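Below is one structure, written out as structure tokens; comments come after it.
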Amino acid sequence: MNRLSIYILALGVFLTATSELVVAGILKVIAEDLNISIAVAGQLITAYSLAFAIGTPIVVSLTSRMGRRKVLLGSMFVFILGCLASFGSSEISVLMVSRIILGVSAGVYLVVVFGAVAKLVPAEKLGSAIGTIVLGFSSAMILGVPIGIAITNWWSWQAIFIILGLFSLLITFVIFRLLPEIEGDAPVPFRQQFKVLGSLVIVSGLFLTFFRESGNSILFTYLTPFLQDVLHLKASNISIVMLAFGIFGAVGSRLGGYGVDRWGAARVITQSIIVHAAALALLPIMSGSLIMSLVLIALMVFSMFVTGPAIQTYFIQQATQSSNLVLSLNTSIIHLGLAVGAGAGGVMANATSTVYYHPWMASIVIVLGLAAALVSFSTGKKVHSYSPQ
């Protein structure tokens with residue numbers, strides 16, 4: 059029963075993540091259809107990210123004591139409304155509002171899913187369960203975005219959102235019928251929940267997320283130019299290569315979950331980040347060989363997705379009374395890191411007129427994330443060693 063529930067929740071993550079990621083792939087089509095510039099259309103992504111980052115912690119905190127099933131159903135209902143608003147959008151202002159609705163509802167759904175899974179499975183299976191949820195997100199990259207682009211070519215970009223809404227309605231019904239009642243967090247005062255922000259273990263863990271996502275964004279925002287301009291990959295082959303990278307990411311998220319259950323979150327995070335940073339550092343050096351470069355990028359994607367379930371599990375384990383708050387803050391930090399990394403990558407591209415050096419910059423930032431992780435792990439050990447037995 060629990061395993062089936064987790065797969066259903068992961069399908070919901072797939073749908074909500076697709077609504078986020080697909081817009082980047084159809085941005086030009088939206089701009090042409092609404093008669094706006096690409097720059098204005100790009101603000102649809104910004105609006106979603108800001109709504110996700112700002113709205114999620116607020117809503118999650120206000121609903122922390124409510125039953126998890128009720129919050130999941132509510133967030134999916136609002137998500138469906140956002141899909142309908144997107145479907146009916148004929149001007150940029152309406153579409154922008156729909157992106158805000160989708161950003162907040164998708165963020166709340168994702169965070170509450172992580173917290174619900176922690177209560178559905180035994181502690182020794184938590185990593186694998188979180189890995190399944192992360193797989194839902196990575197699957198949106200592999201399948202959701204290409205399918206969304208295909209739907210746009212067959213019908214229209216609005217059709218994507220009515221299809222997402224219909225499938226979300228089905229998932230909502232299944233959650234209502236299948237998911238057991240799951241208690242919300244213990245009634246911890248709002249001020250006390252925010253005391254976790256005074257914990258060096260949590261704060262340094264959030265810095266890990268920030269540096270990791272910033273480093274990823276420095277390269278991934280400009281990955282297509284890197285593949286074409288530095289590695290001289292043909293444009294016709296990029297979609298196939300990106301699909302292959304997505305598969306490596308999906309495998310990584312699954313193995314990362316299993317690794318957490320077997321070796322612990324700290325070890326998985328440490329080793330995967332070392333591999334991640336090393337692959338980035340070697341990438342410009344090996345850029346003369348297309349095969350070796352693609353192998354290094356695949357290894358980087360693999361290690362990046364191995365780390366994902368481990369970080370989520372680590373926060374759940376370290377902040378048991380405020381896990382939903384910490385997870386929501388972590389998702390906000392993810393979007394902040396992505397924005398900062400993309401901006402830093404743009405500045406570097408303008409300054410050097412190339413994206414050749416981006417992997418080195420990304421590697422340095424990822425190493426800063428590793429340093430933050432080590433601070434969190436060592437502080438956590440000291441706290442546990444001094445706590446009364």
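According to my numbering, numbering within the sequence shown proceeds without interruption in unit steps and concludes at 447. A virtual CB, placed ideally from N, CA and C, is assigned to each residue, including glycine. The structure displayed is predicted, hence computed values, not measured ones.
Beta-carbon proximity of residue i to residue j, cut-off 8 Å
i	j	result
G263	S436	no
G315	T190	yes
L276	V405	It is worth fixing the name first, because residue 276 is Ile in this sequence and not Leu. No, these two residues do not count as a Cβ contact at 8 Å.
R126	V170	yes
S272	G399	yes
L385	Q370	yes
A89	A99	yes
L227	I138	yes
F303	V359	yes
V175	T114	no
W418	A339	yes
A164	F219	no
S107	A337	no
G69	G194	A quick correction: the sequence has Leu, not Gly, at residue 69. For L69 and G194, yes; Cβs fall inside 8 Å.
T389	L168	yes
V192	G366	yes
S347	V288	no
Residue i versus the options, residue with shortest Cα-Cα distance
i	options	result
F268	N382, I200, L387 and A335	L387
I391	V136, T190, I260 and I332	I260
M199	A337, I349, S311 and I64	S311
I240	F110, S347, S63 and V203	S63
V309	S186, S148 and V152	S186
M134	S147, P115, F234 and V152	F234
N60	L184, L341 and L432	L184
Q375	T282, P342, I188 and L428	I188
S421	S345, L394, N408 and I332	I332
W321	M344, K177, Y372 and I343	Y372
Q286	S196, S148, L352 and S147	L352
E517	D91, I112, G132 and K177	A question about residue 517 goes unanswered here, because the residues of the chain that appear run from 59 up to 447.
M124	S345, S347, L301 and G173	G173
G132	I112, F145, S147 and V166	V166
S196	F231, V232, G307 and N211	G307
V413	V425, L432 and L341	L341
S151	N93, N408, I343 and G401	N93
A429	I112, Q329 and M300	Q329
Reduced DSSP secondary structure (H/G/I, E/B, other) of residue i
i	result
G100	helix
M124	coil
N408	helix
Y106	helix
A397	helix
W418	helix
M344	coil
V179	coil
T371	helix
V129	helix
E90	helix
G322	coil
P115	helix
I240	coil
S290	The amino acid occupying residue 290 in the given sequence is His; Ser does not appear at that position. It is coil, neither helix nor strand.
Burial state of residue i, where buried means 16 or more other Cβ atoms lie within 10 Å
i	result
W213	exposed
S95	exposed
L130	buried
E182	exposed
N295	exposed
A335	buried
W215	buried
I457	For residue 457 there is no data in the structure shown, the boundaries of the chain being 59 and 447.
F363	buried
I349	exposed
T410	exposed
G8	Within the shown structure, residues of the chain are numbered from 59 to 447, placing residue 8 beyond reach of any answer.
Cβ shell of residue i (< 6 Å), same chain only, five flanking positions each side left out
i	result
A368	G314, V318, A323, V326 and I327
L102	V81 and R157
M154	A105
A217	I209
L67	V171
V232	I66
A431	L266 and I327
L291	L285
G438	V259
F225	L73
Contacting residues, own chain, Cβ-Cβ under 7 Å from residue i (five flanking each side not counted)
i	result
G202	F72, A75, T76, L79 and V80
H416	I276, L277, Y280, F284, G403 and M406
I159	V136, L139, G140 and A143
G83	V203, G206 and I207
G427	L266, F269, R270, G273 and I331
Same chain, Cβ closer than 8 Å to residue i, neighbours up to 5 away in sequence not counted
i	result
I305	I200
A293	Q286
I112	S390
Below-8 Å beta-carbon distance, residue i vs any chain B residue
i	result
R157	Protein chains in the displayed structure number just one, and chain B is not present.
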